[in-house]
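Numbering (UniProt numbering), first residue to last: 1 to 165.
Written out as structure tokens, the structure reads:
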């Protein structure tokens with residue numbers, strides 16, 4: 001059974017494994033092998049996020065194995081303190097099994113508790129599986145970032161998506 005909890009520094013190695021696997025899908029911001037992050041560096045980032053009231057990194061866990069993560073990044077200026085940006089990654093072996101849904105359900109409840117009003121993300125316009133998940137969770141497309149990414153020598157659009165809570 002998948003459980004979602006705050007990630008801890010001791011989870012960093014497994015989270016990096018999931019991040020790298022997710023990047024192999026070709027749908028993440030970083031190209032496969034491009035991200036240079038250390039276990040110590042991620043552990044420090046996780047501690048920093050988790051020490052903030054409206055930011056965090058959550059992990060989906062089954063039998064002590066991390067299957068996915070979702071980063072919630074909130075900014076400090078008062079005019080944007082009501083919103084947070086999300087980044088989600090699910091290991092390829094766990095996709096289509098409710099892991100992403102569990103992560104989103106958890107974050108949506110947590111966001112209400114910490115009084116976030118808006119969650120937002122961007123997604124590559126060709127990532128139909130992710131777009132369908134986000135829509136299922138209540139996110140709506142707000143706009144298009146035309147030619148936002150250069151992937152394999154082709155310009156690709158991104159969608160801005162958000163949900164108000």
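No residue lacks a Cβ here, since even glycine has one placed at the ideal position from N, Cα and C.
Boundaries of the alpha helix (DSSP H) in which residue i is found, first to last residue
| i | result |
| --- | --- |
| residue 104 | 99-113 |
| residue 19 | 12-23 |
| residue 130 | 128-136 |
Neighbour-count burial assignment, residue i, 16 or more Cβ in a 10 Å radius
| i | result |
| --- | --- |
| residue 54 | buried |
| residue 56 | buried |
| residue 46 | buried |
| residue 11 | buried |
| residue 7 | buried |
| residue 61 | buried |
| residue 1 | exposed |
| residue 151 | exposed |
| residue 164 | exposed |
| residue 100 | buried |
Contact with chain B by residue i, beta-carbon distance below 8 angstroms
| i | result |
| --- | --- |
| residue 99 | The displayed structure is made up of one protein chain only, and chain B is not part of it. |
Delimiting residues of the beta strand (DSSP E) encompassing residue i
| i | result |
| --- | --- |
| residue 41 | Note, residue 41: premise wrong, no beta strand (DSSP E); alpha helix (DSSP H) at 39-50. |
| residue 124 | 118-124 |
| residue 157 | 154-164 |
| residue 143 | 140-151 |
| residue 79 | Note, residue 79: premise wrong, no beta strand (DSSP E); not H, not E. |
C-beta atoms of residue i and residue j nearer than 8 angstroms
| i | j | result |
| --- | --- | --- |
| residue 106 | residue 58 | yes |
| residue 94 | residue 67 | yes |
| residue 119 | residue 84 | yes |
| residue 18 | residue 89 | yes |
| residue 141 | residue 159 | yes |
Per DSSP, cross-strand counterpart(s) of residue i
| i | result |
| --- | --- |
| residue 6 | 58 |
| residue 65 | 62 |
Rounded separation between residue i and residue j - CA only
| i | j | result |
| --- | --- | --- |
| residue 153 | residue 70 | 29 angstroms |
| residue 13 | residue 39 | 5 angstroms |
| residue 171 | residue 74 | In the structure displayed, the chain extends from 1 to 165; residue 171 sits before or after that span and is not available. |
| residue 76 | residue 52 | 10 angstroms |
| residue 122 | residue 134 | 10 angstroms |
| residue 139 | residue 131 | 9 angstroms |
| residue 124 | residue 21 | 17 angstroms |
| residue 63 | residue 102 | 15 angstroms |
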